[in-house]
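Encoded as structure tokens, the structure appears first; notes follow it.
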Ligand SMILES: Nc1ncnc2c1ncn2[C@@H]1O[C@H](COP(=O)(O)OP(=O)(O)O)[C@@H](O)[C@H]1O
Ligand SMILES: Nc1ncnc2c1ncn2[C@@H]1O[C@H](COP(=O)(O)OP(=O)(O)O)[C@@H](O)[C@H]1O
Ligand SMILES: [Mg+2]
Ligand SMILES: [Mg+2]
Ligand SMILES: [Mg+2]
Ligand SMILES: [Mg+2]
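Residue numbers (this note's numbering), protein chains in the order written: chain A, 1 to 219; chain B, 1 to 219; chain C, 1 to 335; chain D, 1 to 335.
Encoded structure:
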């Protein structure tokens with residue numbers, strides 16, 4: 001998969017497509033959060049997602065500045081646990097991209113990994129606890145392990161999106177152990193975690209956003 | 001109708017029968033008050049009525065002391081406008097009976113009149129305003145005008161009860177002009193006034209309480 | 001309506017007991033239904049007493065304390081207490097300089113209040129009374145004396161309480177309480193009716209319930225139906241309608257200073273009250289009318305009734321000084 | 001759910017603006033969502049800051065003022081504010097002696113609070129934090145650190161606020177806030193779920209709604225479902241069940257002294273809270289446990305959720321002195 005690079009515009013369109021998926025499905029996210037949480041996850045994601053998408057339409061200095069701005073909007077959307085965690089995720093990505101105008105796939109996957117590491121500063125939840133980590137950990141793991149293979153960026157992101165989706169689906173079987181839902185324990189079994197669902201949507205969008213039509217290869 | 005006297009026991013049984021009617025119909029009174037007032041008239045009448053009836057079972061010194069006690073219970077039942085007005089009514093009756101151990105019918109009817117006068121100290125409402133006065137005024141008027149006729153006490157009370165009932169029925173056609181209901185004006189048309197209904201029940205009971213079985217003639 | 005209660009017959013007794021137990025350093029329950037100060041006012045000052053039904057907590061007894069009431073006589077649920085108990089309270093509150101009885105204009109309170117005044121006078125107590133009747137939905141301009149007493153009791157308690165505490169004589173306390181009363185106006189709106197807590201029954205005409213997208217301007221403090229039913233409006237629109245009616249009734253001109261109170265009826269959140277207050281502020285600013293003091297909260301409620309009362313009052317220098325004076329009651333403290 | 005609001009997207013902005021307009025002599029809105037004191041604390045004293053979602057009024061911002069908080073950072077409806085805003089607040093509250101951040105144990109508050117602490121430390125501010133986690137339904141004895149932060153924030157605000165006002169240093173303020181936090185326990189009960197005010201949707205599993213004659217012990221402050229569903233009980237029975245669980249968890253012995261708070265969740269009337277408090281008092285008296293201080297009212301609400309939180313706390317001489325110290329915030333004043 002060597003030889004392909006993502007410039008600012010590609011990163012922007014990847015992110016835009018990701019948040020577009022999330023925004024479009026906000027009602028489902030709220031519904032899931034109403035069951036075991038406080039019924040606001042979709043509201044938070046809609047509000048943050050719309051402001052992020054507006055921002056992504058503006059021209060940007062470099063990759064880190066885009067990611068810092070996305071993180072800032074998530075954090076300043078005052079949207080609760082998920083917004084704060086996602087905000088920290090993009091902040092971690094931004095740190096890893098400092099000074100770069102384009103990313104090769106190795107840099108890209110380590111940026112995702114740095115995001116996950118940053119997010120982990122603020123929660124002890126792990127895959128299996130029925131949180132967004134159930135989707136995010138496997139997705140990032142795919143990115144990290146696949147960037148050495150001979151696959152296109154789109155193909156790797158498709159695998160990551162599938163991993164996120166599966167991870168989110170698996171939360172259905174779990175009792176919650178973090179977040180507001182934790183206190184319901186077994187009563188959350190049968191319902192997919194809202195935050196994990198958001199991650200799955202985000203990666204589905206990333207995959208779409210990297211599709212050849214939008215993707216300008218620099219081979 | 002001359003020659004009959006009511007002693008303490010007869011007054012007690014008359015009052016008891018009156019409050020018994022009221023207590024039995026408390027639900028209807030609350031329902032009426034829910035429509036145009038604050039939904040508590042039957043509650044107030046039930047509570048006051050039950051304590052009055054308990055008191056009436058105790059032996060009493062004289063007529064005035066019975067009436068003072070009834071008035072006191074009504075006033076201390078903290079039951080709102082109707083209890084306060086009825087309390088003042090029985091206080092006025094009591095004043096008129098001071099020092100008497102039995103009442104002839106003339107004394108009795110002036111006691112009722114004195115009660116009405118006392119009640120009027122505390123409200124400017126008159127028949128026609130859709131309040132308890134619509135039942136009380138005609139009933140007392142019958143007593144006052146009939147005690148000179150040659151009728152039995154029972155017969156006069158039956159006429160008074162009928163007058164009270166008709167007065168109460170007529171409130172259906174009226175817009176309220178006093179009490180909480182006044183502010184609804186025409187929207188109260190079609191509903192009988194709760195307080196007037198209570199007066200009608202009270203007098204229906206008085207009539208029953210004076211029936212020969214309970215009534216010891218001293219002819 | 002689901003509630004945390006015990007035997008409905010004991011509602012008032014239990015709530016008054018609990019209230020007294022919760023605030024032992026401020027108030028005491030005397031007898032069955034007199035809420036008195038834990039530390040009585042020094043003799044030589046005018047006493048201030050009120051009466052009113054229960055079920056409206058924290059009104060009225062929540063405002064007994066230094067700088068406010070000496071005694072509140074609590075009635076049954078939504079029902080005035082009897083006159084003799086009020087007369088007892090008046091006697092107890094008399095520190096030798098007479099007592100001011102504040103009566104909210106509701107049928108039962110008037111009857112009992114007047115009876116108490118009679119009884120107290122006969123016993124030789126110097127007693128004056130003042131009536132609050134600031135509701136404009138039931139007291140239109142040409143017969144404002146007919147209006148119900150709503151949350152405007154609070155400024156009148158405050159002004160009379162502070163005036164008495166400062167040692168003014170009865171005539172002066174009464175006069176300034178009257179001035180406060182004459183210079184205030186209230187309008188209520190409801191979007192959900194209350195139930196009577198003893199029966200659980202909804203108050204209101206069952207053949208004509210408040211619709212799911214309706215509101216009612218003028219619904220009473222006891223859930224009595226109002227007169228202005230309309231489609232539910234936004235907070236901003238509702239605020240504008242109510243404010244305009246109040247400003248017109250009180251005849252407020254640009255450049256004047258107003259006290260504004262937004263009182264929640266029970267189920268309406270502080271969040272909503274703040275949103276309403278925001279719009280009131282904006283509208284008054286546009287009209288060049290200055291909000292000199294304000295209160296937003298629940299001062300008198302009606303069970304789970306949803307809605308609010310908006311009260312405006314024209315203030316002057318003396319009223320403002322008394323308004324700002326310290327007070328210390330269970331539900332209102334000014335330092 | 002019928003409410004007086006405007007565009008649901010503007011709920012928080014409008015409510016904060018209205019709140020600030022209503023209490024101009026006590027608080028100010030700074031930026032988008034920092035509620036600060038109208039008159040800042042003198043420099044040379046420890047700052048006290050908190051953060052939390054909106055929709056719970058008067059909590060938490062209603063308790064900014066002398067002797068209480070310096071700044072409250074308000075989040076979205078039921079949602080923590082972001083870490084950077086909290087870091088800004090910490091910087092602003094630092095009068096040179098450091099800042100104590102009080103965090104209620106909820107996922108979002110923890111994430112944002114910890115991020116803010118990181119950011120503030122990086123900027124060189126001396127910052128400590130204390131966590132409130134006194135809920136016993138989510139924090140059983142063996143993992144009480146997991147419990148949610150409920151109305152127990154109020155004693156912690158009060159103690160930390162008074163300690164800071166009296167000039168204690170950061171370590172001492174933190175230590176005493178921790179002591180207060182460690183010595184309190186709360187349990188909540190609900191009989192009606194809340195709705196989210198922006199969507200109007202009921203919070204809770206739609207396939208398993210709270211029945212008309214059920215109650216739920218442990219329902220969260222955001223309407224999150226609890227764990228102890230049972231038939232609706234009387235006020236007295238409910239009080240006894242909850243009190244016993246709390247006494248056991250805090251391991252209270254006969255002869256001890258407790259602070260007791262009964263906090264209404266929104267739709268539950270003060271009348272009911274008094275009736276509950278009455279029974280709590282009676283039961284404690286029987287057990288020879290003394291109520292040394294008490295509060296009954298609405299300090300943190302969840303829209304139209306019906307129910308209450310019962311909080312008990314073990315007090316000592318120093319805690320009592322700080323509890324009794326004066327404070328002056330919009331929704332709590334001690335003279
Ligand atoms: N401590 C945590 N660690 C990891 N993920 C969490 C944590 N708390 C919450 N989440 C995630 O956030 C989602 C809820 O987000 P949201 O409803 O927006 O926030 P809030 O819980 O503040 O209302 C949960 O479904 C879960 O995936
Ligand atoms: N001012 C008044 N004058 C005469 N009767 C009145 C007056 N106010 C109320 N009533 C009577 O009292 C009845 C209502 O009584 P009740 O519901 O017990 O008292 P409240 O109005 O205090 O709730 C009315 O139906 C009416 O007959
Ligand atoms: Mg949520
Ligand atoms: Mg009534
Ligand atoms: Mg009544
Ligand atoms: Mg939330």
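We put the CB at the ideal spot given by N, CA and C, even for glycine.
Residue i: beta carbon under 7 angstroms from a heavy atom of ligand 2?
i	result
residue 77(B)	no
residue 132(B)	yes
For the candidate residues the options, whose alpha-carbon lies nearest to that of residue i?
i	options	result
residue 16(A)	102(A), 118(A) and 48(A)	48(A)
residue 28(B)	78(B), 210(B), 159(B) and 192(B)	192(B)
residue 97(B)	74(B), 81(B) and 63(B)	63(B)
residue 260(C)	295(C), 244(C), 270(C) and 272(C)	295(C)
residue 131(D)	81(D), 88(D), 182(D) and 116(D)	182(D)
residue 254(C)	287(C), 245(C) and 274(C)	287(C)
residue 149(A)	12(A), 9(A), 106(A) and 35(A)	106(A)
residue 102(D)	203(D), 50(D) and 135(D)	50(D)
residue 170(C)	230(C), 94(C), 104(C) and 116(C)	94(C)
Between residue i and ligand 1, is the CB less than 7 angstroms from at least one heavy atom?
i	result
residue 142(D)	no
residue 123(A)	yes
residue 82(A)	yes
With a threshold of 7 angstroms (Cβ to nearest heavy atom), would residue i be considered close to ligand 5?
i	result
residue 78(C)	yes
From residue i to residue j, what distance separates their C-alpha atoms?
i	j	result
residue 67(A)	residue 94(A)	5 angstroms
residue 76(D)	residue 43(C)	52 angstroms
residue 252(D)	residue 281(D)	15 angstroms
residue 42(A)	residue 85(A)	15 angstroms
residue 110(D)	residue 122(A)	8 angstroms
residue 59(B)	residue 144(B)	29 angstroms
residue 2(A)	residue 103(A)	Confidence is the limiting factor: at residue 2(A) the pLDDT is only 37, short of 50, which leaves the residue's position unreliable, though a coordinate-based value still follows. Looking at the two C-alpha atoms, the distance is approximately 11 angstroms.
residue 186(C)	residue 145(D)	49 angstroms
residue 163(A)	residue 100(D)	42 angstroms
residue 120(C)	residue 8(C)	33 angstroms
residue 209(D)	residue 118(A)	38 angstroms
residue 160(C)	residue 175(C)	9 angstroms
residue 321(C)	residue 183(B)	36 angstroms
residue 73(B)	residue 23(D)	47 angstroms
residue 70(D)	residue 98(D)	12 angstroms
residue 6(D)	residue 236(C)	7 angstroms
residue 83(D)	residue 240(D)	40 angstroms
With respect to 7 angstroms, is the separation between the Cβ of residue i and the closest non-hydrogen atom of ligand 4 below this value?
i	result
residue 148(C)	no
residue 193(A)	no
residue 180(B)	yes
residue 33(B)	yes
What residues of chain G sit near residue i, judged by a beta carbon separation below 9 angstroms?
i	result
residue 55(D)	No chain G appears in the structure shown, which is made up of the protein chains A, B, C and D.
Terminal residues of the continuous alpha helix (DSSP H) containing residue i?
i	result
residue 166(A)	153 to 170
residue 1(D)	Careful: residue 1(D) lies outside any alpha helix (DSSP H) and carries neither H nor E.
residue 24(B)	8 to 24
For the beta strand (DSSP E) that residue i lies in, which residues bound it at each end?
i	result
residue 232(C)	Residue 232(C) -> no beta strand (DSSP E), and no H or E assigned at all.
Quick one: is the Cβ of residue i within less than 7 angstroms of any heavy atom of ligand 3?
i	result
residue 87(A)	no
State yes or no: is the C-beta of residue i nearer than 7 angstroms to some heavy atom of ligand 6?
i	result
residue 40(A)	yes
### Task
Check whether the region 118 to 128 of chain B touches the region 192 to 210 of chain A, counting contact only when three or more Cβ pairs, one atom from each stretch, lie closer than 8 angstroms.
no
### Query
Counting Cβ pairs closer than 8 angstroms, one from the region 168 to 188 of chain D and one from the region 57 to 67 of chain D, do we hit at least three?
With the cut-off at 8 angstroms, the region 168 to 188 of chain D and the region 57 to 67 of chain D do not touch.
### Task
Determine, using beta-carbon pairs with one atom in the region 159 to 171 of chain C and one in the region 323 to 333 of chain C, whether at least three such pairs fall under 8 angstroms.
Contact holds: three or more Cβ-Cβ distances are below 8 angstroms.
### the region 8 to 21 of chain D contacting the region 267 to 285 of chain C, beta-carbon criterion three pairs below 8 angstroms
Yes: at least three Cβ pairs fall under 8 angstroms.
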